[in-house]
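Shown next, in structure tokens, is the structure this report addresses.
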Amino acid sequence: MNADAASYLAAANGHSSKPDSATTNGAPKLWSASEIVAYYAEFAQSYDTDIEADHRSYPAPFIIGSWILEHLRKFPPEAISDTQSVAGGELRILDLGCGTGQSSRVFFESLKATGGSLEIVHGGSAHVDHAQSKKNGTSDHASSKTVPVKVHGIDATPAMLDRARALPFASLTCANIEQPLPYPVHYFHAIVCVGVMDFIHDPVSLLHQLRNVTADGALLGLTMPEKQSGAGGEDELNGWTRGQMDELIRRGGWWVERHERVLGYVDSQLGKPVWYHAWLMVRKPHVE
Numbered sequence: 001m002n003a004d005a006a007s008y009l010a011a012a013n014g015h016s017s018k019p020d021s022a023t024t025n026g027a028p029k030l031w032s033a034s035e036i037v038a039y040y041a042e043f044a045q046s047y048d049t050d051i052e053a054d055h056r057s058y059p060a061p062f063i064i065g066s067w068i069l070e071h072l073r074k075f076p077p078e079a080i081s082d083t084q085s086v087a088g089g090e091l092r093i094l095d096l097g098c099g100t101g102q103s104s105r106v107f108f109e110s111l112k113a114t115g116g117s118l119e120i121v122h123g124g125s126a127h128v129d130h131a132q133s134k135k136n137g138t139s140d141h142a143s144s145k146t147v148p149v150k151v152h153g154i155d156a157t158p159a160m161l162d163r164a165r166a167l168p169f170a171s172l173t174c175a176n177i178e179q180p181l182p183y184p185v186h187y188f189h190a191i192v193c194v195g196v197m198d199f200i201h202d203p204v205s206l207l208h209q210l211r212n213v214t215a216d217g218a219l220l221g222l223t224m225p226e227k228q229s230g231a232g233g234e235d236e237l238n239g240w241t242r243g244q245m246d247e248l249i250r251r252g253g254w255w256v257e258r259h260e261r262v263l264g265y266v267d268s269q270l271g272k273p274v275w276y277h278a279w280l281m282v283r284k285p286h287v288e
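This is the structure we're talking about:
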């Protein structure tokens, strides 16, 4: 499984057959983990080239990544020390279903100019008009702190992870993300999950898992595919109405900070766009 799976699936549909077990008598049947691994192992070598040929056709990774960076710049410094201790303190991001690392490129490109660190503005607004504050005789009392950022990736397809090793991930783990995640509790400050929910068999369980490995105040940026109306044929990928998405998120224990409907990809079989709902969510301490 990888972060951009749905996009590549659509591109490949026109010339490559799917596993025989992917559908049954017209009823929805999602791919198994082993089917996804086998399918994407075949395309690992050309995957990045196809995606990067036109970023406009798959904007979700860049939208989600930008949202997370914007909000991490205002992350409370005291929350960093509340997670599992790391000498000096650091922000930790998990790319869930990272594939070749496409969804983390926005992080690496932004951090490259700063030596792998992010300036955290606290005690005021990260977007203060200092000239206006001086004119009004007020002070924003903002200060900043530079914090190192480590990006970790996890994916089920070894061939995709081989490609991801060209990027500066702090760690790469090969595992089925619907099984218990191999990380300490309250470890991450942000998780990016793009093009992954399309394949998840138990979305609520996964959202609870993500709460378990994130700190209070942590961010979750993910995409959920919109249910297509009148598509015909069998369903091989998840799709939800807006109301169903809201309910899944509520049951998963996350609070919505931002939402936007964006282009997911163009389905080559149907010849029409598939829409994603991009979500930025926050982990709060208590779930009722």
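Sequence positions in the sequence shown follow UniProt numbering and run 1 to 288. Every residue, glycine too, gets a C-beta built ideally from N, C-alpha and C. For clarity, every value in this text was computed on a predicted model and none was experimentally measured.
State the start and end residues of the unbroken alpha helix (DSSP H) segment that holds residue i.
i    : result
S110 : 105 to 112
L72  : 60 to 72
For residue i and residue j, what's the separation of their Cα atoms in angstroms?
i           : j    : result
H71         : N238 : 28 Å
T146        : G116 : 10 Å
S205        : G252 : 7 Å
S171        : P59  : 25 Å
E35         : E257 : 34 Å
A33         : T214 : 24 Å
K272        : V121 : 42 Å
L30         : H259 : 26 Å
P180        : R261 : 30 Å
L96         : D267 : 23 Å
residue 293 : A278 : It is not possible to answer for residue 293, since the shown part of the chain is limited to 1 through 288.
S144        : E119 : 6 Å
G232        : F107 : Confidence at G232 is low in this model, with a pLDDT of 47, below 50, so its placement is unreliable and no value can be given for it.
A175        : H152 : 13 Å
P285        : I249 : 15 Å
R73         : Q228 : 36 Å
E236        : H186 : 33 Å
A27         : W240 : Bear in mind that a pLDDT of 35 at A27, under 50, signals an unreliable position, so the model cannot answer this.
M160        : D246 : 31 Å
R211        : D162 : 28 Å
S66         : L280 : 11 Å
residue 332 : D198 : This structure cannot settle anything about residue 332, because the visible part of the chain is limited to 1 through 288.
L263        : T173 : 29 Å
Can you tell me where the beta strand (DSSP E) with residue i in it begins and where it stops?
i    : result
G264 : 255 to 267
E119 : 117 to 122
R250 : Careful: R250 lies outside any beta strand (DSSP E), inside the alpha helix (DSSP H) at 242 to 252.
G221 : 214 to 225
P273 : 272 to 282
L237 : Run containing L237: none; DSSP gives neither H nor E here.
L91  : 91 to 96
Which term fits residue i, buried or exposed, when burial requires 16 or more other beta carbons within 10 angstroms of its beta carbon?
i    : result
G101 : buried
D202 : exposed
Q209 : buried
W255 : exposed
P184 : exposed
G243 : exposed
P182 : exposed
P158 : exposed
S21  : Residue placement at S21 is poorly supported in this model, since its pLDDT is 37, which falls under 50; the coordinates still yield a value, given next. So S21 ends up on the exposed side.
With C-beta atoms as the reference, is residue i less than 8 Å away from residue j?
i    : j    : result
F169 : R92  : no
C98  : A190 : no
E178 : I200 : yes
T223 : I68  : no
V149 : E109 : no
L167 : S104 : yes
G217 : P76  : yes
A156 : V37  : yes
V282 : L219 : yes
S57  : Y276 : no
P61  : V196 : no
I154 : L111 : no
Would you say residue i lies against chain C (beta-carbon separation less than 8 Å)?
i    : result
W254 : No chain C appears in the structure shown, which is made up of a single protein chain.
Checklist line | 4-residue-minimum alpha helix (DSSP H) runs that sit fully inside the stretch 146 to 209, ordered along the chain | finding: 158 to 164
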